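Just so we're aligned, residue 625 is where the sequence shown starts under the working numbering, counting upward by one. Input: a single structure, listed below in structure tokens.
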Amino acid sequence: MSIEARPRPRRSHPEEPDRWALDKEFQAATNGNGSSQSRPWSDPEPLGQPSVGKPGPFPIDAVPFVFGDMIAAVAGNKQVPFDLPALMGLAAAATLAAPRLAIECEAGWVEPLNIYAAIALEPGSLKSPATTDVIEEVRRQHKLLRANHADRVEEDRKAHARELASARERKPKIQKSGTDAEKAGLEVLIRDAEEKLKTLDEAPTPRILMPSDNTVENLTRSMSVNGEHGAILDSEGTFFSILLGRYTGGVPNLDSVLKAYDGDYIEVGRINREQRDMTRAVLTLGLAVQPMILEDAGKSRAMVEQGLLGRFLFALPKSMIGYRKPRGTAYDRQALDAWANCLKRISALEVPKPETPKREFPRLHLNDEARDRFFDYKQKLEVMLRPDGDLGDLRGWGAKHAGRTLRIAGLLHLITGATTGEPVDDLTMQAAVTVAEWAVPHAVAVFGMEDESPRAEDENATALLTWIQEKKPEVLSLNEINRKCRQAWVKKGKKAAIVPVIDRLLEAGWLREDATTDKAGRPAVVYLRHPKLSEDGPLW
């Protein structure tokens, strides 16, 4: 089955309501008595959903308690979907874990622990404050690293300055009465001290987080002098715009970002002696973006064909705007402190030196049960990649999903507080597979944003449902919708645009035709609302 729902047959009505006749189909639907009010309603069909199912909320009950509690705390307090703190949390853990560890499934298959994650939420969704809560400890570790580095540099600078001052103080005496060897030795000492001071002035300051408003070239050079790793955790989607070509005339520059997902070798154009080629570059991305940015990314031939979008873990949650309460839940400091301690434990692990060979880089391993569960899921994914499978149209993304699942398992293992000497167990792999299964409908939805699919076709139908739910009109007819619904597509297309939308809602079970007569006594049609449209809250 294709990942896109099959096209549905459309019934068509004449445009003028006084020409609507009670045909045989309508008579059968109303039991021949012109009334359908007494018939029970069945569950209506969610609109615009692919065959793999609609994107659902992140499965917080499947993940380690410390992670799930943090997600619930941030989501409740800021009134955002679970998906936002969940994916930002995975990216935060990956930011600290990727420079330190990889995960090995079996001999010859090793994945770095970085991830690329993107969450699409409309403006006003409180992306920034929610992201701040999740990554606060990462930012604290970033500041601490830079402060400690500055202290060490200052201590070294003072020591070299004292050494240089002492040598210069002795220079007149040595020049006057010293031997040639003493004079030459003193000159070497002065040059060395001056060189050390210059080196300190030029030495790059280490970073955990990279600026989001940064060209790909500058990011690559920064990583090359930063232990070959970096991360961008951004709630504004700035870096996505840069990837789309903001600074390169609209031409995406993706090579380094593609390679840094896989921990590959990257050749760096040197500007100074500190920069060097990277043997194991790892970049982590956690980006909360507006849906239109993902739409633009989907239109970019380079981003699709070169496989950048296939590297992302996506979330396209339902917006909570319009359904939020005046106040969120109480701020759960205990849950956030526990999350911060979890990130501290990861950051306390030793960072291998950049020159460490890949084969010697520290790695996590799986126990037998976890490995078996992983390969069972990998086989399931393989079937989904067949031409008629649920991921048959998303092979680029689906082919990388097994490796993505392995990375998630490694991150969840560290989040539980397990040591690097313990193998990833079956319970952790089960959680990772649950997250991976949750991710599939979200990816399908993201890649379908620009397709002429039922999801796109149902946009107007969904908008009309929202209007009906909000206004709850006593009489629902073509004329009433045309007169009172002020949505742009209605004002532009009028009755000709409304008729196919009503057809779609009838077909999906949201509306039901009911016979009546107009003021002149002629047969006419009105529409009954599904009981769900009399309730407030999300429709599906």
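Where a beta carbon is used, it is the ideal one built from N, C-alpha and C, also for glycine. Computed from a predicted structure; not experimentally measured.
Cβ neighbour criterion (16 or more within 10 Å) applied to asparagine 738
buried
Proline 950 to alanine 1139, Cα distance in whole Å?
42 Å
Residues in its own chain within less than 6 Å of leucine 1157 by CB, not counting five upstream and five downstream?
Ile1092 and Gln1093
How would you label arginine 1146, buried or exposed, when you count the other beta carbons within 10 angstroms and need 16 or more for buried?
exposed
DSSP on histidine 989, reduced to helix/strand/coil?
strand
Could you pull the DSSP bridge partners for isoleucine 743 from this structure?
Ala912 and Ala939
Would you check if there are 3 or more beta carbon pairs closer than 8 Å linking the region 913-930 to the region 755-770?
no
With a Cβ-Cβ cutoff of 8 Å, do tyrosine 740 and phenylalanine 863 count as a contact?
The answer is no: Cβ separation not under 8 Å.
Would you tell me roughly how many angstroms separate the C-alpha atoms of glutamate 1159 and isoleucine 890, rounded to the nearest one?
56 Å
To the nearest whole angstrom, what separates the beta carbons of leucine 878 and alanine 921, a pair I think is in contact under 8 Å?
About 11 Å separates the two Cβ atoms, so there is no contact after all.
Between alanine 912 and serine 865, which are expected to be in contact by the criterion C-beta below 8 Å, what is the C-beta distance as a whole number of angstroms?
With a Cβ gap of about 13 Å, alanine 912 and serine 865 do not count as contacting.
Quick one, are the C-beta atoms of glycine 677 and proline 1065 less than 8 Å apart?
yes
Evaluate glutamine 1003 with the Cβ neighbour count: other Cβ atoms within 10 Å of its Cβ, from every protein chain shown; 16 or more gives buried, anything less gives exposed.
exposed
Could you give the DSSP three-state label for threonine 1140: helix, strand or coil?
It is a strand residue.
Can the beta-carbon of valine 812 be found less than 8 Å from the beta-carbon of threonine 844?
no
Return helix, strand or coil for tyrosine 1151, following the three-state DSSP convention.
strand
Could you give the distance in angstroms between the alpha-carbon of glycine 1020 and the alpha-carbon of glycine 934?
5 Å
So the candidates are Ile727, Leu810, Glu760 and Ser924; which of them puts its Cα closest to the Cα of aspartate 886?
Ile727
Mind reading off the beta-carbon distance from threonine 1029 to threonine 719? Whole number of angstroms is fine, and I expect it under 8 Å.
That pair is no contact at about 19 Å.
Look up valine 906 in the DSSP assignment and say whether it is helix, strand or coil.
strand
Secondary structure at alanine 721, three-state DSSP: helix, strand or coil?
Residue state, collapsed to three classes: helix.
Leaving out five residues on either side along the sequence, give the residues of the same chain with a beta carbon under 8 Å from the beta carbon of proline 1155.
Trp665
Among Arg904, Gly732, Ala774 and Leu1129, whose alpha-carbon lies nearest the alpha-carbon of methionine 847?
Arg904
Three-state class that DSSP yields for glycine 873 in the structure shown
coil
Under the three-state DSSP convention, the category leucine 857 falls into
strand
Pairwise C-alpha distance: leucine 671 and alanine 1132
8 Å
In chain order, what residues of the same chain have a beta carbon less than 7 Å from the beta carbon of alanine 1085, not counting five sequence neighbours either side?
Leu671, Val1125, Arg1128 and Leu1129
Is alanine 1063 close to the ligand NAP? I mean its beta-carbon at under 7 Å from any heavy atom of the ligand.
With respect to small molecules bound, the structure shown includes none, and the ligand NAP cannot be examined in it.
Please report the straight-line C-alpha distance between valine 1114 and alanine 1121, rounded to a whole angstrom.
7 Å
Kindly indicate which residue of Leu918, Leu821 and Ala721 has the alpha-carbon position closest to the one of glutamine 765.
Ala721
On the three-pair Cβ rule with 8 Å, is the region 1003-1018 touching the region 1042-1056?
no
Using beta-carbon positions only, say whether alanine 939 and leucine 750 come within less than 8 Å of one another.
no
3-residue-minimum beta strand (DSSP E) runs that sit fully inside the region 977-1060, ordered along the chain
Segments of the beta strand (DSSP E) lying fully in the region 977-1060: 987-989.
Is the CB-CB distance between leucine 988 and glycine 1034 below 8 Å?
yes
Identify the continuous beta strand (DSSP E) that holds cysteine 966 and give its terminal residues.
Looking at the DSSP string, cysteine 966 is not in any beta strand (DSSP E); the run it does join, the alpha helix (DSSP H), is 957-971.
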